[in-house]
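J.: According to numbering that gives the first Met the number 0, the residues represented by the sequence shown are 0 to 178, in order. Below is the structure I would like to discuss, written out as structure tokens.
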Amino acid sequence: MTETTLSQRGPISIQLTADDVARAYQLFQTQALLSARGVLSVLFLDLVTVGLTVFAIKALSGDDLPLPLAGMLAVLFPAVMIWSTRWRNGRLARRIFAQQKSLNQPFTLAWTDEALQTQAPQGDATLPWRDLVKMKQDRHMILFFESDALFRMVPRRVLSQAQQDDLLRTAETGMGGGK
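Here it is, written out as structure tokens:
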């Protein structure tokens, strides 16, 4: 590893914004919805909702629900559910950012071949790559998961392209293939 690469690995000063937190929650939600469990949950709720609607219309009016209307409901329900969840989570993330003072404090990020390191007024943390369970990313954010529900967020805006590439490559290697 060259001296240039070592200096690229930090410390990098980060000040999160409300948008960063909202984008992290959006990425978290997206990865959860696209998991096998998330897709099956949405499909199950969709079938139950359409089934109950068809049953209620038949029971209350005696008429059958027209097939095109049932099809529209089957498509519309998951779309509305996903949109409303994303909207609600964006608002929730901004509220959490306003409430949780530790998110408003600057911190520094650095990494080695062995670990991700952060320093903040609340304390320092060294997370060995092997202890992370997964990593998810989009064009705005990189999330490092300590469990299915707990993640560390790194906004891409604070890293150069070379730093992003090195961080992702180092994480994938340290985590055993990116999990």
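Don't be surprised by glycine CBs; every beta carbon is placed ideally from N, CA and C.
Please list the terminal residues of the continuous beta strand (DSSP E) segment that includes LYS57.
T.: Here LYS57 belongs to no beta strand (DSSP E); instead the alpha helix (DSSP H) covers 35–60.
J.: I'd like to know whether the C-beta atoms of ILE95 and LEU32 end up nearer to each other than 8 Å.
T.: Their beta carbons are not under 8 Å apart, which means ILE95 does not touch LEU32 by this criterion.
J.: Specify the secondary structure class of GLN7 as computed by DSSP and reduced to three states.
T.: The answer is helix: DSSP assigns GLN7 an H, G or I state.
J.: By DSSP, does VAL20 sit in helix, in strand, or in coil?
T.: VAL20 falls in the helix class under three-state DSSP.
J.: Please identify the residue among ARG129, PHE143 and TRP128 whose C-alpha is closest to the C-alpha of LYS135.
T.: Nearest of ARG129, PHE143 and TRP128 to LYS135, Cα basis: PHE143.
J.: State yes or no: is the beta carbon of ALA97 nearer than 8 Å to at least one beta carbon in chain C?
T.: In the structure shown, chain C does not exist; there is a single protein chain.
J.: Report all residues from its chain with a CB closer than 6 Å to the CB of ILE141; omit the five preceding and five following residues, and keep chain order.
T.: If we look at ILE141 and ignore the five residues flanking it on each side, its Cβ neighbours are VAL153.
J.: By Cβ distance, which residues of its chain are closer than 7 Å to ASP179, with the 5 residues on each side in sequence left out?
T.: In this structure the chain extends from 0 to 178, so residue 179 is not present and cannot be described.
J.: By the 10 Å Cβ neighbour count, where 16 or more other Cβ atoms means buried, how is GLY9 classified, buried or exposed?
T.: When all chains shown are included, GLY9 counts as buried.
J.: State the Cα-Cα distance for the pair ASP130 and MET174, rounded to the nearest angstrom.
T.: About 8 Å.
J.: Using only the alpha-carbon positions, how far apart do PHE150 and ALA119 sit?
T.: If I take the Cα positions, the gap works out to 16 Å.
J.: Closest to GLN121 by CA distance: which of ASP137, GLN104 and ASP45 is it?
T.: Nearest of ASP137, GLN104 and ASP45 to GLN121, Cα basis: GLN104.
J.: Pairing CB atoms from the stretch 64–76 with CB atoms from the stretch 42–53, are three or more of them under 8 Å?
T.: Segments in contact, yes.
J.: Nearest by alpha-carbon distance to PHE27: which of VAL41, SER101, ALA92 and GLU171 is it?
T.: Nearest of VAL41, SER101, ALA92 and GLU171 to PHE27, Cα basis: ALA92.
J.: Assuming GLY122 is part of the alpha helix (DSSP H), what are its boundary residues?
T.: Counting along the chain, GLY122 falls outside any alpha helix (DSSP H), though it belongs to the beta strand (DSSP E) covering 122–127.
J.: According to DSSP, is MET0 helix, strand or coil?
T.: Its pLDDT being 46, under 50, MET0 is placed unreliably by the model, and nothing is read from it.
J.: Quick one: what's MET152 bridged to in DSSP?
T.: The partner list for MET152 (beta bridge, DSSP) reads LEU142.
J.: Take ASP147 as the anchor and find which of LEU75, TYR24 and LEU15 has the nearest alpha-carbon.
T.: If we check each option's Cα against that of ASP147, TYR24 comes out closest.
J.: If you check the beta carbons only, do LEU102 and VAL38 fall under 8 Å apart?
T.: No. Outside cutoff.
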